[in-house]
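Chemist:
In the working numbering, the protein residues as written are 275 to 534.
Following this line, the structure appears as structure tokens:
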């Protein structure tokens, strides 16, 4: 928490106002007995500076943190943090960040809580504790979260599952193994509305964003899509076409209002 406070303060001092988007990722302290207190303190201290807040319940490096993804603890946590957000940072949407290692029943519980609490969105997914057989590094048995290409398919499948379980009503930020425009395209089709890049930034630096964006734009044109919004959830046909119909109706209503 102290590191996060220092980092946020440093960033505020060196970057002019209203440039870029600042997301604040919150977790519990390693030795804490008051998880909810940790999160609400983070919101109180950092919320006023955040464009969005992340309730991270899935870091594999904090003992006991992932148990907060269970239905009752997660409900209690999100209810409390939403209240803290309303009090200290009402401008900032709140996202919950989940692990790629959840079972289907666990994802069903998360989806139910997300729908019940009215949280603004989900980030799917964090790093994994799993170690695929495809790993060849002699360090593959080290403890900690595995990120990058090895978790790409699993994170995409988690996005698709969570999109279906929430009937496409909860915005999803897709993350995990995004290294190309096609990777981003697959996550959008699975149900992500936005995509984040992490590990590939290490290998290519900030310029990777422009490359991915260009490749994604080419794929959209190639497949007959006019915008990113048109791609979201395309893998889930029933939900997708219902949402397309809703967008068309809204567009027609807006046009009627303008005409009148």
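For every residue, glycine included, the Cβ atom is placed at its ideal position computed from N, Cα and C.
Check whether the segment 331–348 touches the segment 372–384, taking contact to mean three or more Cβ pairs, one atom from each stretch, closer than 8 Å.
Modeler: Flag = yes, the segment 331–348 and the segment 372–384 touch.
Chemist: Here's a check: name, in chain order, each residue in its chain whose Cβ is nearer than 6 Å to the Cβ of residue 462, leaving out the five neighbours to either side.
Modeler: Counting only Cβ-Cβ distances below 6 Å, and skipping sequence neighbours, we find 505, 506.
Chemist: Assign residue 424 to one of two classes, buried (16 or more other C-beta atoms within 10 Å of its C-beta) or exposed (fewer than that).
Modeler: Its Cβ being crowded by 16 or more others within 10 Å, residue 424 is buried.
Chemist: Can you give the Cα-Cα distance for residue 396 and residue 369, rounded to whole angstroms?
Modeler: Cα to Cα, residue 396 sits roughly 5 Å from residue 369.
Chemist: Taking the C-alpha atoms as reference points, what is the distance between residue 359 and residue 411?
Modeler: So the alpha carbons of these two residues sit roughly 42 Å apart.
Chemist: Pull up the CB-CB distance for residue 336 and residue 302, whole angstroms please, since I reckon it's below 8 Å.
Modeler: So it is a contact: roughly 7 Å between Cβ atoms.
Chemist: Taking the alpha carbon of residue 465 as the point to measure from, which residue in 496, 486, 437, 441 has its own alpha carbon closest?
Modeler: Closest by alpha carbon: 437.
Chemist: Can you check which of these residues, 469, 440, 414, is closest to residue 430 by C-alpha distance?
Modeler: Ranking 469, 440, 414 by Cα distance to residue 430 puts 469 first.
Chemist: Cα separation between residue 426 and residue 353?
Modeler: About 31 Å.
Chemist: Count the other CB atoms, across all protein chains shown, that sit within 10 Å of the CB of residue 408; report buried if there are 16 or more and exposed otherwise.
Modeler: Residue 408 is exposed by the Cβ-count criterion.
Chemist: Whole angstroms are fine: how far does the CA of residue 299 sit from the CA of residue 542?
Modeler: The chain is shown only over 275 to 534; residue 542 falls outside these bounds and no answer can be derived.
Chemist: Between the Cα of residue 445 and those of 503, 495, 481, 453, spot the shortest distance and give me the residue it belongs to.
Modeler: Ranking the options by Cα distance to residue 445, first place goes to 503.
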